[in-house]
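Undergrad: In my numbering, the protein residues as written are 194 to 349.
In this text, a Cβ means the ideal position worked out from N, Cα and C, and glycines have one as well.
Here it is in structure tokens:
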């Protein structure tokens, strides 16, 4: 019998303007010291869409409109604490000013420079596909006990 595991449901959102995306240089786990899209955990009474709007408001100060679901990412590992299902959005319509984030430092980064930043291994794989458009991107990323990426499978 497999151990009981709790999967974390979460969202990420790449706000895009003028060929730049808003990135978060994280000051806490998960992904401490790395750059990621802003986002967070889905609360028990929220849909992914409601969550992404709330998280972007809380973390960035931006009010996003009509975010587009661009990816569904599953991350698994043998450890109980690393089981994630993430809904990845792109927002091109938003208002407000980027504020201070308690999760780290926010910065607009040219899209072509994102892969030069220290970003999580899976993000380096899915980011170009999310931003390229096309059909909904779906993938499963498998990690070892030390949370090192060992394989990934993309849906076709």
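Apart from the five residues just before and just after residue 287, which ones in its own chain have a Cβ nearer than 7 Å to its Cβ?
TA: 208, 255, 256, 257 and 258
Undergrad: Kindly indicate which residue of 340, 344, 341 and 334 has the alpha-carbon position closest to the one of residue 267.
TA: 334
Undergrad: Taking 8 Å as the cut-off, does the region 214-231 touch the region 301-316 (at least 3 CB pairs, one atom from each stretch)?
TA: yes
Undergrad: By the three-class DSSP mapping on this structure, what secondary structure does residue 340 have?
TA: coil
Undergrad: State the start and end residues of the unbroken alpha helix (DSSP H) segment that holds residue 325.
TA: 314-325
Undergrad: So, using beta-carbon positions, are residue 264 and residue 339 closer together than 9 Å?
TA: Taking a C-beta distance under 9 Å as the contact criterion, residue 264 and residue 339 do not qualify as a contact pair.
Undergrad: Let me check understanding here. Comparing Cα to Cα, which of 308, 300 and 242 lies closest to residue 279?
TA: 242
Undergrad: Go ahead and pull the three-state DSSP assignment for residue 253.
TA: When secondary structure is reduced to three states using DSSP, residue 253 falls in the helix class.
Undergrad: Short of 6 Å in beta carbon distance, which residues of its chain neighbour residue 292, apart from the five on each side in sequence? Order them along the chain.
TA: 254
Undergrad: What are the boundary residues of the beta strand (DSSP E) that residue 218 is part of?
TA: 213-219
Undergrad: What number of angstroms, rounded off, separates the C-alpha of residue 272 from the C-alpha of residue 289?
TA: Each residue's alpha carbon lies about 39 Å from the other.
Undergrad: Take residue 343 and list the residues in its own chain whose beta-carbon comes closer than 8 Å to its own, dropping the five residues that flank it on each side.
TA: 335, 336 and 337.
Undergrad: Output the distance between the C-alpha atoms of residue 223 and residue 234, rounded to the nearest integer angstrom.
TA: Using only the alpha carbons, I get a separation of about 12 Å.
Undergrad: Taking a contact to mean a Cβ-Cβ separation below 9 Å, would you say residue 320 touches residue 308 in this structure?
TA: yes
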